[in-house]
Amino acid sequence: MSAAAILHLLIAFALAPLMTGVANRVKAGFAGRTGAPVLQPYYDLARLLRKGAVYSTTTTWVFRLGPCLGVAGAAAALVVAPWGGGRATLAFDGDLLFFAAALALARFGTILAALDTGSAFEGMGASREATFAALAEPSLLVGLLALARASGELSLSGIYHALTPGHLAAPGGVAVLLVAAAFGIVFLAENARLPVDDPNTHLELTMIHEAMALDHGGPDLALIHYGAALKFWALGTLVAGFVAPVHDGAWTALAAILGGMFLLSVAVGVAESVMARLRLAKVPNFLAAAFALSVLALLLSAHAKGGS
Amino acid sequence: MIPVLLALLALLLTGGLAAAWSCPRGASRIAAGGTAVAGLLSGATAVQTLAGAAPAALTLPWSVPLGAFSMGMDPLSAWFVLALAFLAPLAAVFGVGSLRDEEASRRARTAWGWFNLLVASMLLTLTARNGMLFLAAWEMMTLSSFFLVMHEHERASTRDAGWIYLVASHVGTAFLFAFFVILGRGTTMDFTAFGPPATGGALFLLALVGFGTKAGLAPLHVWLPEAHPAAPSHVSALMSGVMIKLGIYGLLRTLDFLGEPQAWWGWLLVVAGTVSAGFGVLLALGQRDLKRLLAYSSVENVGILAAGLGLGVIAARGGHPLAAALAVAGALIHIWNHACFKSLLFLGAGAVRHAAGTTDLDLLGGLLKRMPVTGASFLAGAAALAALPPLGGFLGEFLILLAALRLALFGGMSELGAGALAIAGLGLAGGLAAACFARAAGMAFLGEPRAPGAAGAREASKWMTRPMEALATTTLAASLFAPLALRAAGALVRNMSWLPDGAASSLAGCGRVVWGVCLGSALLVGLSATVFLFRARRRRGRPTRAAGTWDCGYAAPTARMQYTASSFSEPLTSLFRAVVRPGERARPPEKRFPAPSAFSSTGKDLFRGRVFVPVFRAVSEAAEWVRRLQQGRAQLYVLYVALAALALLVWKLR
Amino acid sequence: METFAEVLIILVVLTNLKLLGSSRATACIRTVAAQGVLLAALPLVTSGDAITLRMIAQALVSGTLKAFVLPFLLLRATRGARAGRELAPFVGYTTSILLGVALMPLALALGRKLGVTGPAGADLLAPAALFTLLVGLLIIVCRKQAVTLVVGYLAMENGIYAMGLAFAQREPLLVEMGILLDVFAAVFVMGLVARHIHREFDTLDTDRLSSLKG
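Protein chains in written order, with our numbering: chain A, 4 to 311; chain B, 1390 to 2043; chain C, 28 to 241.
As structure tokens, this is what we get:
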């Protein structure tokens, strides 16, 4: 547990909402608008935290607990999340399973909170969220296994520490790129981004993540937004770790992951500007592609490592 | 060993007494009291054994050919006995509450007799050290649970379920009989006398079919989703929580008997386990009936256990002691955890049925407000089943997946294949289980009631809520006691002869991992609490209002507009329709003034419809043909006898 | 150069997955064309320094045929109102991808068993070739539309060509030319048939051809 690891955690907690702002700004630029300030997500959070709320008479304590679990789960995932070559605050063999499970807890909380309202739209969103998350799970785990096999490590920090640019040149190095692509898909699906879900849509029937938050207001909505931002960062580190595999020292790694996250948000903004949303029925296809990439990567890295 | 014997006596005595007792209220209390005493006695012995006491043994005279009434308690038995000793009394207490309505009837009193007999036979099965005694206890267990499944025998579906259960169990027992006879070479049935046989592979297959049927491993699971929902809930809790685990116990004993395992046994277990896990959870997603859903989820969890054992076998064979130890320890810990939360969920379903009159998810809803304790306990159980930290259920699956990771990382190509299959399969099953139990808990307990039955529900009596509270507390705290659980599992791992030498010691060396899980779980609890308190502080002094659910501006939302269980799982069941075969009944709106339209779906069992029904139909047709031999005419029988005698004579004088 | 070869082979595998996952006939045609080009370029990468004029010519011929001539023929056949999209295949696209995922380790295991090392840096060529072959077969089994069937056939041909590359590193020309001739004729005929089916029945659903049975 180094000072830089703690600092990364604090920076993540502080800067997570900024990434949405950056992505939105990029999108605005593409559309030829000035766009909202980059700090808009912070203004929104502050405004929501000051507000009161309307609670449906249908709801129970589950509705109030859900957003808290959403934040706590994503934050716990961040604690084991790798950042470039740096070692996370908490790292142990198999922490990648804990990472996935903590995010699953966050999701479980949000889904139950959505179902607690009894609203048809929130039920629909919850159903879709559960479906796509379940389908994304094997891609994430198999992709991490491929990385583990390529690096010979079993903890997220170890894996990402072992990944160097030299890996790409070595036989089987393409596997790493394939995993990066698979994680990219998982990242988009889990964070409710295009082409799986449109964060800007206002048509309830097509929404996934936003549909689950229709009845939340005030501090609860703030927590949901903040939890989503933390999740964006946590899963983002898995993708950005490929973009910025720096190992010279904890501080350079920190700088690299910040740059990587920034690049990632810009890339998300660009992607959302030029892509269309997939039909819902096509999303499993998209996730199956991620799974295929992960499996291919696993086979490649296993083949390159030899073995009989 | 004496306490276990006393426990058995207490169970039989109180069971018999309860069945014969005339005072209605007394019967259930006597029986439950007996179970509690037996639980204390046997649980204490089990704890002692696990804590390191010398394995106990006891032999009594028994005049059965090849049989001996020899019992024993070693760590492996103790592990399962402890689960039984913990769950049986809680289930019994719940039973006192749930059978109250009909306790005046004779049926309830006999049910208590069967219940105690079931507990006693499970205890005997776990401590038997002789094949004959084991089979006798096994059979007693099957029969007593059969009568409990038939409790509501006036329903045709229950009778159906009972018969399927009886037939399946006996087919399994037949395999076990062959297994023990071949294992003892027809000369002995004593567990201690079983040596590593020459035909290990064939014996393993026999044991896999025999024990796998009891465990509910796909495709031998067909009886499970019929029998478990039909039984009274406290019995289903015991059946799903402990009885099916006895199949896993049998497999563990088998591995001990058979000596050096082969790699393909492990592969078979991993494939069967992964298929069970995926298939079970998909079918669970397709169910509308809460208890059937839980039964299918048991198939899933047994699959996880089998996959864990299989990984252990492959790792042991390939010389990866730590991976083998982790896989087996994970399976063992998952046995305890699953026993706790699955019983909890079944008890919850029982309470729901008691209160709302149905377990059809499409007719429930909003029960958390009406039944706060049951609802909260059920939610905890559902989250535990979804393997979410910090609840129970996470640790076991974590260790099994970690073993798979290690195996895939350090093994050769085929070990990589097994590990990757387990990781992908169990990962998908885990994600689906989360979806499934978010659906089950959400549809039953959240939202608004979808039918008058649910609207009028009231919290169950203390007899029923207390056991659920106890189980929920255990489940909630489970992950935080990870190091303790792992140390206890280590004691078993040391005793397993088929694991490589360094297994137990390497397990002791991975304390860092377990502390990591503990710390992570504590972190989750701490963070959730912090955020919740923060939120509470923000809310103080701000205006909050109560209103109807907004639902995007509908002025008068009704409960019928909610998402139902069928609609929640529709994306997944239609995606996996090749497996689930949703029996969908859709009446879409038509024409300009549409008639009432509807959509509903239930998951149908692929194996039952495609494999077992045709096979059994063929068997019954063959049996029809054999029946022609029996005409009822004496002359014909004399003819048979004469023919048989003639044939023998010819054979002898050949 | 070795990494190049590896990248090319992986791209070939990815085009196979794309073939399994796309529903539009035109997308399938373009994908299989890209696959042909990738395979045509492969000998240039794997041969190291000894690139001869003959190899370049061979790559050019093979590439032109697969990238332009055959796709042109097929695209012409699909040019009709309803031919663009595959309607309700026997096996869904997601399932097809998953079947493809299951075929990958199988192809790898079989390819390794074959013991063909292939040219330098391309020891994955034999498994990739097998995979391409299997995917082609899978498409022929799972799809209904005439044009998509031809695409499956082309993928199989690509697989055979890649296998030839793995076996006979220097002289795949003879094998290739023989096969190409076959395929060319077949695609030509299939293209004509498809056009005629389309003109007569206004659909390219081969399933409907069974209604022609007396």
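Glycine is no exception: its CB is placed at the ideal position from the N, C-alpha and C atoms.
May I ask you to list the residues that DSSP assigns as paired with residue i?
i, result
"Lys-1935 of chain B", "The sequence shown places Ala at residue 1935 of chain B, not Lys. Its beta-bridge partners are A:Tyr-58."
"Ser-1459 of chain B", "B:Thr-1448"
"Ala-1517 of chain B", "B:Met-1460"
"Gly-73 of chain A", "BP columns for Gly-73 of chain A are empty, so no partner."
If you check the beta carbons only, do residue i and residue j fall under 7 Å apart?
i, j, result
"Met-1853 of chain B", "Gly-1561 of chain B", "no"
"Thr-1748 of chain B", "Ala-1696 of chain B", "no"
"Ile-114 of chain A", "Ala-1827 of chain B", "yes"
"Ser-1558 of chain B", "Phe-1735 of chain B", "no"
"Thr-121 of chain C", "Ala-292 of chain A", "no"
"Thr-73 of chain C", "Ala-32 of chain C", "yes"
"Leu-100 of chain A", "Phe-1787 of chain B", "yes"
"Leu-1638 of chain B", "Phe-1523 of chain B", "Checking the displayed sequence, the identity of residue 1638 of chain B turns out to be Tyr instead of Leu. For Tyr-1638 of chain B and Phe-1523 of chain B, no; Cβs fall outside 7 Å."
"Gly-1667 of chain B", "Ile-1633 of chain B", "no"
"Val-177 of chain A", "Leu-301 of chain A", "no"
"Leu-1873 of chain B", "Ala-1714 of chain B", "no"
"Pro-1614 of chain B", "Tyr-1685 of chain B", "yes"
"Ala-1718 of chain B", "Ala-1878 of chain B", "yes"
"Phe-95 of chain A", "Gly-1905 of chain B", "yes"
"Leu-1471 of chain B", "Gly-1432 of chain B", "yes"
"Leu-72 of chain A", "Ala-109 of chain A", "yes"
"Ala-1824 of chain B", "Ala-133 of chain A", "yes"
Of all Cβ atoms in chain A, is any one closer than 7 Å to the Cβ of residue i?
i, result
"Val-72 of chain C", "no"
"Tyr-249 of chain C", "Coverage of chain C is limited to positions 28 through 241, which leaves residue 249 of chain C absent and any answer about it impossible."
"Gly-90 of chain C", "no"
"Ala-108 of chain C", "A caution first: Ala-108 of chain C carries a pLDDT of 46, below 50, which makes its placement in the model unreliable, though a value can still be read off. So no, Ala-108 of chain C is outside the interface."
"Tyr-1952 of chain B", "yes"
"Leu-135 of chain C", "yes"
"Thr-1862 of chain B", "no"
"Gly-48 of chain C", "yes"
"Leu-125 of chain C", "yes"
"Ala-1745 of chain B", "no"
For residue i, is the classification buried or exposed, using 16 other Cβ atoms within 10 angstroms of its Cβ as the cut-off for buried?
i, result
"Cys-1412 of chain B", "exposed"
"Ala-108 of chain C", "Residue placement at Ala-108 of chain C is flagged as unreliable, the pLDDT there being 46, under the threshold of 50; the coordinate-derived value follows with that caveat. By the neighbour-count rule (16 or more Cβ atoms within 10 Å), Ala-108 of chain C is not buried but exposed."
"Met-278 of chain A", "exposed"
"Glu-140 of chain A", "buried"
"Tyr-1386 of chain B", "Lying outside 1390 to 2043, the shown extent of chain B, residue 1386 of chain B is not represented and no answer is given."
"Tyr-2029 of chain B", "exposed"
"Thr-1602 of chain B", "buried"
"Gly-35 of chain A", "exposed"
"Gly-310 of chain A", "Caution is warranted here: a pLDDT of 45 is assigned to Gly-310 of chain A, below 50, making its placement in the model unreliable, and no coordinate value can be reported."
Is there a Cβ of chain C sitting closer than 7 Å to that of residue i, yes or no?
i, result
"Ala-153 of chain A", "no"
"Ala-1409 of chain B", "no"
"Leu-302 of chain A", "yes"
"Val-298 of chain A", "yes"
"Val-177 of chain A", "yes"
For residue i, would you say it is in contact with chain B, using Cβ-to-Cβ distances shorter than 7 Å as the test?
i, result
"Asp-251 of chain A", "no"
"Tyr-319 of chain A", "Residue coverage of chain A in this structure runs from 4 to 311, which leaves residue 319 of chain A outside it and unanswerable."
"Leu-119 of chain A", "It should be noted that the sequence gives Asp, not Leu, for residue 119 of chain A. Yes, because at least one Cβ of chain B sits closer than 7 Å to the Cβ of Asp-119 of chain A."
"Asp-312 of chain A", "Here chain A covers residues 4 to 311 and nothing more, so residue 312 of chain A does not appear."
Q. Just by C-beta distance, which residues in the region 1909-1924 of chain B are closer than 7 Å to chain A?
A. Listed by position, the residues of the region 1909-1924 of chain B near chain A (Cβ gap below 7 Å) are Gly-1909, Leu-1912, Leu-1913, Leu-1916, Ser-1917, Val-1920, Phe-1921 and Arg-1924.
Q) If you measure beta-carbon to beta-carbon, which residues of the region 129-142 of chain A are closer than 8 Å to chain B? A) Look at the region 129-142 of chain A: the residues with a C-beta under 8 Å from a C-beta of chain B are Ala-129, Ser-130, Arg-131, Ala-133, Thr-134, Ala-136, Ala-137, Leu-138, Ala-139, Glu-140 and Pro-141.
Q: Using a Cβ-Cβ cut-off of less than 8 Å, give me the residues of the region 280-294 of chain A that come near chain C, in sequence order.
A: Hits within the stretch, in order: Pro-287, Asn-288, Ala-291, Ala-292 and Phe-294.
Q. The region 1953-1969 of chain B: which residues have C-beta closer than 8 Å to a C-beta of chain C, in chain order?
A. Taking 8 Å as the Cβ-Cβ cut-off against chain C, the residues of the region 1953-1969 of chain B that qualify are Leu-1964 and Ala-1967.
**Q.** Residues from the region 1779-1812 of chain B in contact with chain C, defined by Cβ distance under 8 Å
**A.** Residues passing the 8 Å Cβ filter: Met-1802 and Gly-1806.
Q) Any residues in the region 33-45 of chain C with a beta carbon nearer than 8 Å to a beta carbon of chain A? Which ones, in chain order? A) So the close ones are Glu-33, Val-34, Ile-37, Val-40, Leu-41 and Leu-44.
Q | Interface residues of the region 1924-1936 of chain B facing chain A [CB-CB below 7 Å] | A | Per Cβ criterion, the list reads Arg-1924, Arg-1927, Arg-1928, Arg-1931, Pro-1932, Thr-1933, Arg-1934, Ala-1935 and Ala-1936.
(Q) Output needed in chain order: residues of the region 1709-1743 of chain B with a Cβ under 8 Å from some Cβ in chain A. (A) Listed by position along the chain: nothing, the set is empty.
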